[in-house]
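Sequence order for the protein chains is A and B.
The numbering of the first sequence is numbering that gives the first Met the number 0, which starts it at 0 and goes up by one.
The numbering of the second sequence is numbering that gives the first Met the number 0, which starts it at 0 and goes up by one.
Backbone N, C-alpha and C define an ideal beta-carbon position, used for all residues, glycine too.
2 protein chains.
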Amino acid sequence: MSEDQEILKQVDAQIADVVADASLPPSLVEALRYAVLGPGKRIRPLLSWHACVAVGGAGTDSLAAGAAVEMVHAFSLVHDDLPALDNDDMRRGRPTLHRHAGEAMAVLAGDALLTLSFDALRRTCVEPEQMLRIIDELTRATSGMIAGQVYDSLGGLPEGLEPEARVVLIHSNKTGALIRASCVMGAMAARGTASASCEPALLAAVTKYGEAVGLMFQIVDDLLDVTQTSDRAGKRTGKDANAGKLTYPGILGIDGSRRRVEELLELALDAITPLGSLSAGLDRWARTLAARER
Amino acid sequence: MSEDQEILKQVDAQIADVVADASLPPSLVEALRYAVLGPGKRIRPLLSWHACVAVGGAGTDSLAAGAAVEMVHAFSLVHDDLPALDNDDMRRGRPTLHRHAGEAMAVLAGDALLTLSFDALRRTCVEPEQMLRIIDELTRATSGMIAGQVYDSLGGLPEGLEPEARVVLIHSNKTGALIRASCVMGAMAARGTASASCEPALLAAVTKYGEAVGLMFQIVDDLLDVTQTSDRAGKRTGKDANAGKLTYPGILGIDGSRRRVEELLELALDAITPLGSLSAGLDRWARTLAARER
């Protein structure tokens with residue numbers, strides 16, 4: 000995956016530029032860099048890149064969108080880890096930001112990451128109309144993510160839903176919305192006549208792919224939470240079941256969850272078939288994400 | 000001020016629409032409404048409205064921008080009140096959001112208000128290029144506000160600054176940036192040939208006004224903190240001095256601070272003189288804000 004390593008360098012450079020350009024106190028800059036430029040797989044910006052390529056864009060067109068989604072993702076982790084929420088001490092094998100820099104700084108750094116994600120987006124080189132669509136996509140994904148976290152941590156799901164519908168509602172918001180947006184925003188950032196802004200069918204294909212992969216990703220995460228040791232995961236595992244949270248394995252069992260992963264993988268791959276060889280990166284990533292748990 | 004009461008109704012209706020349209024869990028909606036639609040002076044959207052009128056726009060052009068700045072203001076209050084930050088129990092005569100709905104909900108509701116402020120902005124009816132300038136203004140003001148809060152709560156000011164320069168740096172970021180942006184965004188939202196997008200001199204006048212009023216506002220706040228009782232302020236007073244925070248009265252004394260308020264008032268009024276009678280609303284509000292403390 001040396002191509003992906005090269006992409007990651009460019010994403011990180013973009014994020015570092017956004018943080019450096021914002022005239023912030025050095026302690027806040029350090030906290031932001033700790034939260035967003037530390038170890039991490041950068042799955043979302045990689046999906047943005049490959050979605051951009053899949054609709055005929057240059058991967059570099061997607062860098063600003065990729066930086067933005069990674070910053071929103073990092074913001075959500077920082078706030079979700081806070082003592083008042085999931086109260087996690089470890090993340091990616093290191094102390095969480097509030098353990099590293101204090102709780103006040105973690106609150107403010109999360110706020111700054113969310114704010115600066117919009118600043119990152121503005122570096123996308125598309126027509127203003129298209130930029131507004133991209134901003135809209137990020138806004139909706141972020142508010143969906145927050146809604147998902149409310150359902151997951153504080154309850155309040157609509158009455159009368161079947162267990163699987165409940166967990167889909169949580170997951171599709173909490174994790175799915177931003178993964179879907181990573182794909183859609185990457186496609187929207189593609190310039191040129193073959194771009195998704197000119198071809199609704201291309202955008203529809205990427206959207207369908209993003210939705211399937213987003214849900215699949217969270218099911219795999221749930222499976223990892225019950226099957227993996229904390230040591231390997233770099234964070235506390237088993238916590239969801241212990242916290243009595245709704246999870247896929249809790250509802251469908253481990254085998255049932257794995258079958259659902261396979262179904263969603265197939266759905267994602269089918270969705271991008273019409274895009275042909277340009278979608279090789281998306282194809283590979285769907286398979287990689289499905290196989291994380293094995 | 001019945002004109003202002005009418006404006007406030009429209010601002011609140013706009014905010015209520017943004018919150019209602021976001022497909023959020025009912026408990027989160029309730030928390031957002033508690034934080035942003037409760038008692039409050041809505042000074043920022045009123046400044047947006049009057050700035051819009053001052054450059055030749057219709058006040059209603061400013062409603063989306065006004066809703067956005069009020070939501071960002073509310074977000075900052077909710078997070079600043081958290082136990083990890085200012086640890087305030089009362090705000091505007093009621094329990095703060097984390098006392099009312101729990102700390103987890105307060106973190107998430109603040110995040111949602113910040114996110115939805117960009118959603119509110121998108122309802123502005125201007126050309127996409129102009130919209131992007133407005134988004135940029137909000138982003139910079141918000142990151143400035145967070146920077147100011149870091150300096151104020153966690154320190155880290157640049158070395159070698161004189162005391163007054165230190166307090167100006169904190170205040171101009173923490174409070175000034177959003178008040179300035181309220182004025183500038185209101186002016187930018189004005190449509191038509193006489194609008195600020197067409198007339199840089201109009202925008203420059205409003206910007207200068209916003210900067211002076213923003214700093215003045217915080218000095219008056221500092222004065223209120225030392226001269227008013229908690230009962231009248233609806234929140235804990237005397238807390239800044241008790242917390243050892245840098246304040247204007249702490250540096251210039253009460254009389255010196257009052258003189259600075261008068262100077263800034265004059266600066267603000269001078270800035271908008273070229274706008275003529277259209278700036279009557281801005282003129283009145285500068286005087287009102289300067290007189291809050293008396």
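query	result
Between B:Leu131 and A:Met184, how many whole angstroms is the CB-CB distance? I'm expecting something under 8 Å.	Actually they are not in contact, since the Cβ atoms of B:Leu131 and A:Met184 sit about 16 Å apart, beyond 8 Å.
Exposed or buried, what is A:Lys40 when buried is set at 16 or more other beta-carbons lying within 10 Å of its beta-carbon?	exposed
Could you tell me whether any Cβ in chain A is nearer than 8 Å to the Cβ of B:Thr138?	yes
Going by beta-carbon coordinates alone, are B:Val28 and B:Val17 separated by less than 8 Å?	no
So which residues of chain A does B:Val18 contact, with C-beta pairs closer than 9 Å?	Residues of chain A passing the Cβ test: none, with the nearest at roughly 10 Å.
What residues in the segment 96 to 121 of chain B have a beta carbon less than 7 Å from any beta carbon of chain A?	Glu102, Ala103, Met104, Val106, Leu107, Asp110, Ala111, Leu113, Thr114, Leu115, Phe117, Asp118, Arg121
Measure the beta-carbon distance from B:Val166 to B:Leu112 and round it to whole angstroms, keeping in mind my assumption that it falls under 8 Å.	That pair is no contact at about 27 Å.
Could you give the DSSP three-state label for A:Arg121: helix, strand or coil?	coil
For B:Asp118, count the other beta carbons within 10 Å of its own beta carbon; 16 or more makes it buried, fewer makes it exposed. Which is it?	buried
On the three-pair Cβ rule with 8 Å, is the segment 4 to 12 of chain B touching the segment 131 to 141 of chain A?	no
Please classify A:Cys124 as buried or exposed, where buried requires at least 16 other C-beta atoms within 10 Å of its C-beta.	exposed
For A:Val35, which of A:Asp60, A:Ser75, A:Thr272, A:Ser1 has the nearest alpha-carbon?	A:Ser75
With a CB to CB cut of under 7 Å and the five nearest residues on each side skipped, what residues in its chain are close to B:Asp95?	It is Thr, not Asp, that sits at residue 95 of chain B in the sequence shown. Hits under 7 Å: Asp80, Asp87, Asp88, Met89.
What's the call for A:Thr272, buried or exposed, on a 16-neighbour Cβ count within 10 Å?	exposed
How far does the alpha helix (DSSP H) with A:Pro162 in it reach, from first residue to last?	162 to 170
Need the endpoints of the alpha helix (DSSP H) that A:Thr287 sits in, please.	279 to 289
Could you tell me which whole beta strand (DSSP E) segments of length 3 or greater appear in the segment 50 to 84 of chain B?	none
For the segment 141 to 158 of chain A, which residues have a CB atom closer than 7 Å to at least one CB atom of chain B, in sequence order?	Thr141, Ser142, Ile145, Ala146, Gln148, Val149, Tyr150, Ser152, Leu153, Gly155
Using a Cβ-Cβ distance cut-off of 8 Å, determine whether A:Met130 contacts chain B.	yes
Would you say B:Leu281 and B:His99 are within 8 Å of each other, going by their C-beta atoms?	no
For A:Pro94, which residues does DSSP report across the bridge?	A:Met89
Decide if B:Asp224 is buried, meaning its Cβ has at least 16 other Cβ atoms within 10 Å, or exposed.	buried
Roughly how many whole angstroms lie between the Cα atoms of A:Gly143 and B:Gly65?	23 Å
Just verifying my parser: in three-state terms, what is the DSSP assignment at B:Pro127?	helix
Along the chain, where does the alpha helix (DSSP H) containing A:Gln9 start, and where does it finish?	1 to 19
Identify, in the order they occur along the chain, each residue of the same chain with its Cβ nearer than 6 Å to the Cβ of B:Ala267, setting aside the five sequence neighbours on each side.	Tyr208, Ala211, Val212, Ala285
Below 8 Å on the Cβ atoms is my contact criterion, and I expect A:Asp220 with A:Ser256 to pass it. Report the Cβ-Cβ distance as a whole number of Å.	Contact doesn't hold; Cβ gap of about 11 Å is too wide.
If you compare alpha carbons, which of B:Arg190, B:Cys51, B:Gly175 is closest to B:His72?	B:Gly175
Assuming A:Thr226 is part of the alpha helix (DSSP H), what are its boundary residues?	199 to 226
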